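Position one of the sequence shown corresponds to residue 61 (the working numbering), numbered consecutively onward.
C-beta: ideal position from N, C-alpha, C; glycine also.
Note that this is a predicted model, so its numbers are computed, not measured.
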Amino acid sequence: MFGNRVEWSGEENPLTDAVNQRRKIGGIIYDLIETNPTAAGFVYDEAAIMEAFANPAALRYEPTARGLLCAREAVSRYYAERGWSMPADRILLTASTSEAYALLFKLLAKPGYEVLYPTPGYPLVEFLAQFEGLVAVRYRLTFSQNAQTWRIDFDRLAAAISVRTRALVVISPSNPTGNYLHAEDYDLLEELAAEHGFALIVDEVFYDFPAAGATRTREPRRKALTFVLNGLSKVCGLPQMKLGWVAVYGPLHLVYDALARLEYIADFYLSAGAPVQHAAGALLNTRHDLQRQINARLTTNDTFLRELCTQYPQHITLLPREGGWCSLIRCDDGLYGDMRSHRWLKYNGVLTHPAYYYDLRDDGLTVLSLLTPPDTFMKLGVVFE
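Below, the structure written as structure tokens:
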């Protein structure tokens with residue numbers, strides 16, 4: 061009696077089962093995959109956040125498909141502080157970036173058409189595309205030894221493009237590989253999109269968290285229809301507030317046609333709540349201190365990893381990271397699949413993610429969250445003693 065867009069076994073994976081079993085017996089778990097900022101020990105400006113929601117205007121229902129102008133203007137100011145030009149009339153508000161993907165997939169493609177997405181990476185896009193009846197087609201990121209970063213494999217990408225391709229997704233910086241979209245790669249993507257008639261969807265939720273010396277993704281050059289996604293979840297460390305946005309770039313006739321159609325779709329949902337929209341400006345103003353805390357945490361844990369590599373050069377190598385909240389380490393221990401994560405959990409209580417969760421084909425790689433409180437993160441050292 062159910063459709064085929066949501067099909068899964070419902071069974072827990074072995075690592076999750078091992079975590080649950082350890083918790084049942086009261087075993088200590090040092091969680092090195094924590095990505096919830098509200099659970100990671102940061103200090104929020106509680107007074108400013110609570111005051112932001114004490115706006116009587118939120119008591120009035122004003123259904124606006126693109127989102128309230130005051131909130132869109134706040135997002136426009138956020139981009140202006142970057143040095144980007146994004147007027148409020150080219151911004152559409154959503155409840156989350158996940159919802160933004162869903163709206164864009166409805167806008168751009170009929171069921172059965174294709175969306176290109178990067179791999180390795182977090183598997184969210186594939187599922188969201190499937191929920192809309194679309195075919196999710198992978199394109200590869202490969203690690204360049206010369207550039208010491210992850211880059212798009214354009215030969216494979218070209219082979220993946222078909223007459224049914226309607227959108228190409230970029231995550232910048234990517235999760236968990238941590239690479240920003242490089243300018244020359246962006247140029248090529250815009251040319252391909254314009255040539256083949258598909259749109260670019262650029263997910264920038266980790267944009268504000270660069271590693272030292274990193275060059276962040278440039279502003280789109282308006283050659284191709286481009287949708288830039290972000291939201292309060294990462295920008296302000298407030299995933300529970302449920303406010304994201306889509307900023308639209310490209311040739312003006314396509315931009316305004318796309319916005320009109322998006323507005324039509326969004327009008328059937330009206331999902332972004334009035335209180336958070338009225339609070340958006342004040343919430344975005346709190347981001348500066350919170351981002352300083354997060355970036356300091358990322359630096360502290362990254363420094364620890366570098367020191368650990370120096371102590372145990374025969375066991376562990378740290379892959380370069382340009383931005384984001386994750387790090388990749390390579391362990392030369394001959395283990396494969398999730399054997400390493402199981403062993404570290406069983407004998408040391410250290411919880412990590414195996415590489416294959418993100419379609420990383422190197423069994424030596426393990427994924428860590430740099431958002432983890434340092435006292436917990438440093439427990440990683442015990443597995444190499």
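- When the Cα atoms are used, Gln353 and Tyr139 turn out to be separated by approximately 21 Å.
- Straight through space, the alpha carbons of Tyr267 and Ser234 are spaced by roughly 9 Å.
- Annotated three-state conformation of Asp362 is helix, per DSSP.
- Residue state for Ala320 is assigned as helix, using DSSP reduced to three classes.
- Using a 10 angstroms sphere on the CB of Glu111, the tally of other CB atoms stays under 16, which defines it as exposed.
- In the DSSP assignment, Cys386 is bridged to Ser429.
- With fewer than 16 other beta carbons inside 10 angstroms of its own, Ile85 counts as exposed.
- In this structure the region 325–343 touches the region 153–160; the number of beta carbon pairs closer than 8 Å is three or more.
- Within the model, the alpha-carbon separation for Gln81 versus Leu319 is close to 49 Å.
- If the five residues before and after Thr95 are omitted, its C-beta is found closer than 7 Å to the C-beta atoms of Trp385, Ser429, Leu431, all from its own chain and listed in chain order.
- Membership of Phe258 in any alpha helix (DSSP H) is not indicated, and neither H nor E is assigned to it by DSSP.
- Secondary structure at Ala284: coil, using DSSP grouped into helix, strand and coil.
- Judged by DSSP in its simplified three-state form, Gly397 adopts coil rather than helix or strand.
- DSSP, read as helix, strand or coil, puts Leu379 in coil.
- With respect to the 9 Å criterion, Leu260 and Pro280 are classified as neighbours on the basis of their beta carbons.
- Here Leu249 is buried: its Cβ has 16 or more other Cβ atoms, across all protein chains shown, within 10 Å.
- According to DSSP, residue pairing for Leu368 in a beta bridge does not occur.
- The Cβ atoms of Val195 and Val185 do not sit closer than 9 Å to each other.
- Ranked by how close their Cα comes to the Cα of His256, the residues Arg276, Tyr246, Val223 have Val223 in first place.
- For Leu425, the closest alpha carbon among the candidates Glu445, Lys439, Asp393 is that of Asp393.
- For the pair Leu303 and Thr277, the CB atoms are not nearer than the 9 Å cut-off.
- Apart from sequence neighbours up to five positions away, the residues of its chain that approach Asn115 with a beta-carbon distance below 7 Å are His338, Ala339, ordered along the chain.
- The three-state secondary structure of Val175, taken from DSSP, is strand.
- For Leu405, the closest C-alpha among the options Pro74, Glu67, Val66 is that of Pro74.
- Put simply, of Cys130, Val427, Val443, Asn345 the residue whose alpha carbon is nearest the alpha carbon of Leu298 is Asn345.
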